[in-house]
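Asks: Structure below; questions to follow.
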Amino acid sequence: MAAPADPARLVRRLRIALVAVAMLLGLTLVLVLGVLFYWNAYLLGDRGEDPFTRGPYVVGLSETTASVRLLGPDPARVALTAVAPDGTEVEASPTGDFTGLAPGTRYLWTAAVDGIGQASGSFRTAPDDPDAEVVFGVIADYGSGSEHQYAVGRGLDAIDPAFVLTAGDNSYLLALPQLLDRNIFRPLRGVMGEAQLVVGLGDHDTFATDGRFLVEAVESPGDGLRYTYDYGPVRVVVLGVDEDPATIAFAEAELAKPWDGPRFAVLHTPLQPGDALNGVLKGRVDAVFSGHLHRCERRVVDGVLVIVAGCGGQGPGDEAFTLESGDAAFSTLDYGFVRVTASRTGSAIETIDESGRVRDRVEVPPR
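According to my numbering, the stretch in the sequence shown is residues 2 to 368, in order.
The following block contains the structure:
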């Protein structure tokens with residue numbers, strides 16, 4: 002007959018087994034935690050926070066100069082470099098200004114912080130060839146920070162514009178400094194890193210602030226209300242918010258100056274039949290770009306081609322104030338932007354919706 006098991010010995014064995022199991026579980030836990038740490042730190046690794054709170058974004062382009070601005074790091078830590086197709090490198094000044102550039106040339110720029118490249122993009126200097134073709138974008142009534150505005154921004158970036166013209170209401174409900182990043186600089190960051198935003202002001206921009214915070218941010222000339230912008234053979238006359246004696250006087254003075262290339266005007270509020278400004282513009286501009294009405298439209302008003310680009314992102318308002326114009330050859334509530342291909346031999350103006358479809362096109366002969 003077998004001797005009965007020693008209870009004390011059995012307890013010791015169980016304790017040893019429990020310790021072994023606990024050690025195995027502990028080692029397994031350490032291994033799992035190590036794998037998770039490695040996965041997070043090295044495979045999913047965070048690139049770190051974006052050092053730039055705004056931009057970098059282009060604020061000026063001429064035949065031989067370009068200006069790029071940014072907010073965030075101490076400027077002493079930032080190095081901006083532009084490289085031409087032939088490999089020529091140009092360093093920007095501490096304020097972000099490039100000089101000595103070649104006309105009509107695509108430059109790739111890099112913004113390095115403490116020697117590490119943190120942002121990049123490109124810009125094209127204005128051509129010195131009077132027969133050059135220039136592509137630019139037009140938007141209005143866009144500054145809402147909506148998903149539609151982001152889509153419009155991506156569409157603008159895709160057409161690779163030389164510059165982007167705005168016909169007002171760049172920020173809703175007001176152009177306050179606290180709203181500019183949400184409404185403008187973040188949704189349009191991609192395209193603003195490669196093309197200057199040539200800003201026309203609208204009533205939402207000028208209400209309470211006269212648009213001064215926006216004007217300062219994008220470095221528009223003067224008070225930003227009325228000015229002339231040239232890019233190669235293209236001239237744009239920015240006329241302000243609506244028709245008034247100052248607008249008419251400015252238009253008459255600017256349009257009296259000779260200009261052989263394509264010339265356009267910007268007025269936030271669309272022209273209406275019988276407006277005094279119509280006679281000043283007729284035959285002296287290829288088209289007038291407007292907003293205010295939250296639609297994209299094409300009209301001819303007293304012999305002046307009017308392109309409304311008010312579908313940039315804010316969206317339709319009250320139906321009573323967003324009706325299709327009775328004389329519109331094309332009109333839509335769909336979100337989108339305008340692409341202009343301009344040259345001395347004529348221009349093509351297209352309305353493109355946020356999905357990339359061309360919804361309307363008109364050929365404009367030279368003046």
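C-beta atoms are modelled at their ideal positions from N, C-alpha and C, and glycine is treated no differently. This structure is a prediction, so every number in the text was calculated from the model and none was measured.
Using the rule of at least 16 other Cβ atoms within 10 Å of the residue's Cβ for burial, across every protein chain shown, is Val31 buried or exposed?
Replies: The residue is exposed, with fewer than 16 neighbouring Cβ atoms inside 10 Å.
Asks: Going by other Cβ atoms of all chains shown within 10 Å of its Cβ, with 16 needed for buried, is Phe9 buried or exposed?
Replies: The displayed chain sequence assigns Ala, not Phe, to residue 9. The residue in question, Ala9, is exposed, as its Cβ has fewer than 16 Cβ neighbours within 10 Å.
Asks: Quick one: give me the first and last residue of the beta strand (DSSP E) that Pro57 is part of.
Replies: From DSSP, the beta strand (DSSP E) with Pro57 extends over Arg55 to Leu62.
Asks: Quick one, which of Asn184, Leu282 and Ala163 has its alpha-carbon nearest Ser1's?
Replies: No answer is possible for residue 1: it lies beyond the span of the chain, which begins at 2 and ends at 368.
Asks: If you compare alpha carbons, which of Val237, Ile350 and Tyr232 is closest to Asp130?
Replies: The shortest C-alpha separation from Asp130 is found at Tyr232.
Asks: Determine the direct distance from the alpha carbon of Pro367 to that of Thr126, and round the result to whole angstroms.
Replies: Computed Cα separation, rounded: 24 Å.
Asks: Please list, in chain order, all residues of the same chain as Asp276 whose beta carbon is under 6 Å from its beta carbon, the five residues on each side excluded.
Replies: The residues are Glu244.
Asks: For a test of the three-state rule: what should DSSP assign to Val242, helix, strand or coil?
Replies: Residue state, collapsed to three classes: coil.
Asks: Short of 6 Å in beta carbon distance, which residues of its chain neighbour Val238, apart from the five on each side in sequence? Order them along the chain.
Replies: The residues are Thr229, Glu255 and Ala266.
Asks: I'd like to know whether the C-beta atoms of Val339 and Thr323 end up nearer to each other than 9 Å.
Replies: No, these two residues do not count as a Cβ contact at 9 Å.
Asks: Output needed for Gly284: all residues of its chain with C-beta closer than 8 Å, excluding positions within five of it in sequence on either side, in chain order.
Replies: Hits under 8 Å: Gly304 and Arg368.
Asks: Is Gly88 buried or exposed, if buried means 16 or more other CB atoms sit within 10 Å of its CB?
Replies: The residue in question, Gly88, is exposed, as its Cβ has fewer than 16 Cβ neighbours within 10 Å.
Asks: Beta-carbon within less than 6 Å of Leu306's beta-carbon, same chain only, minus the 5 sequence neighbours each way: which residues are those?
Replies: Counting only Cβ-Cβ distances below 6 Å, and skipping sequence neighbours, we find Ala288.
Asks: Grab the span of the alpha helix (DSSP H) containing Leu175 for me, first residue to last.
Replies: Per DSSP, Leu175 belongs to no alpha helix (DSSP H) and is neither H nor E.
Asks: Return the CA-CA distance between Val369 and Phe137, expressed in angstroms with no decimal places.
Replies: Since the first residue of the chain shown is 2 and the last is 368, residue 369 is not available in this structure.
Asks: Quick one: Cα of Arg78 to Cα of Gly118, how far?
Replies: For Arg78 and Gly118, the distance between alpha carbons rounds to 12 Å.
Asks: Which residue's Cα is closest to the Cα of Ser326: Lys258, Gly292 and Asp132?
Replies: Out of Lys258, Gly292 and Asp132, Gly292 has the C-alpha closest to the C-alpha of Ser326.
Asks: Going by the DSSP bridge assignment, what does Gly144 pair with across the sheet?
Replies: BP columns for Gly144 are empty, so no partner.
Asks: Reducing DSSP to helix, strand and coil, say where Gly337 ends up.
Replies: In the structure shown, Gly337 sits in a strand (DSSP, three-state: E or B).
Asks: Between which two residues does the alpha helix (DSSP H) harbouring Glu355 extend?
Replies: Neither: Glu355 is in no alpha helix (DSSP H) and is coded neither H nor E.
Asks: For a minimum of 4 consecutive residues, which ranges assigned as the alpha helix (DSSP H) are wholly contained in the region 83-167?
Replies: Listed in chain order, they are 148-159.
Asks: Using 8 Å as the Cβ pair cut-off and three pairs as the minimum, do the region 168-178 and the region 208-221 touch?
Replies: Cβ pair count under 8 Å is three or more, so yes.
Asks: What separation, rounded to the nearest whole angstrom, lies between the Cα atoms of Thr66 and Ala329?
Replies: Looking at the two C-alpha atoms, the distance is approximately 40 Å.
Asks: Skipping 5 residues on each side, what residues in its chain have a beta carbon closer than 7 Å to that of Asp206?
Replies: Only Gly169, Asp170, Asn171, Ser172, Ala176, Gly212 and Leu215 meet the Cβ criterion.
Asks: Quick check: what's the CA-CA separation for Gly314 versus Pro188?
Replies: If I take the Cα positions, the gap works out to 10 Å.
Asks: Mapping the DSSP letters down to three states, classify Gly304 as helix, strand or coil.
Replies: Here Gly304 sits in coil by DSSP.
Asks: Using the Cβ count rule (16 or more neighbours within 10 Å means buried), how would you classify Ser145?
Replies: Buried, because 16 or more other Cβ atoms sit within 10 Å of the Cβ of Ser145.
Asks: Is the distance from the Cβ of Leu62 to the Cβ of Ala83 below 9 Å?
Replies: No, the pair does not count as a contact, with Cβ atoms beyond the cut-off.
Asks: Confirm, please, whether the CB-CB distance from Gly201 to Ala141 is below 9 Å.
Replies: It is a contact, given that the beta carbons lie within the stated cut-off.
Asks: Return the residue from the list Val359, Thr342, Leu282 and Pro271 that minimises the CA-CA distance to Asp204.
Replies: Checking every option, the nearest Cα to that of Asp204 belongs to Pro271.
Asks: Just reading off the beta strand (DSSP E) that Ala1 is part of, what are its end residues?
Replies: Because the chain here runs from 2 to 368, residue 1 falls outside it and cannot be looked at.
Asks: What are the boundary residues of the beta strand (DSSP E) that Phe265 is part of?
Replies: Per DSSP, Phe265 belongs to the beta strand (DSSP E) from Arg264 to Val267.
Asks: Could you say which of Thr167, Leu157, Phe208 and Glu217 lies nearest to Arg190 if we only look at CA atoms?
Replies: Closest by alpha carbon: Leu157.
Asks: Please list, in chain order, all residues of the same chain as Gly262 whose beta carbon is under 7 Å from its beta carbon, the five residues on each side excluded.
Replies: Contacts found: Pro131, Pro234, Val235, Arg236 and Arg345.
Asks: What does a CB cutoff of less than 8 Å around Ala247 pick up in its chain, not counting 5 residues either side in sequence?
Replies: Arg227 and Gly241, listed in sequence order.
Asks: Give the DSSP bridge partners of Ala247, in chain order.
Replies: Ala247 pairs with nothing; no bridge assigned.
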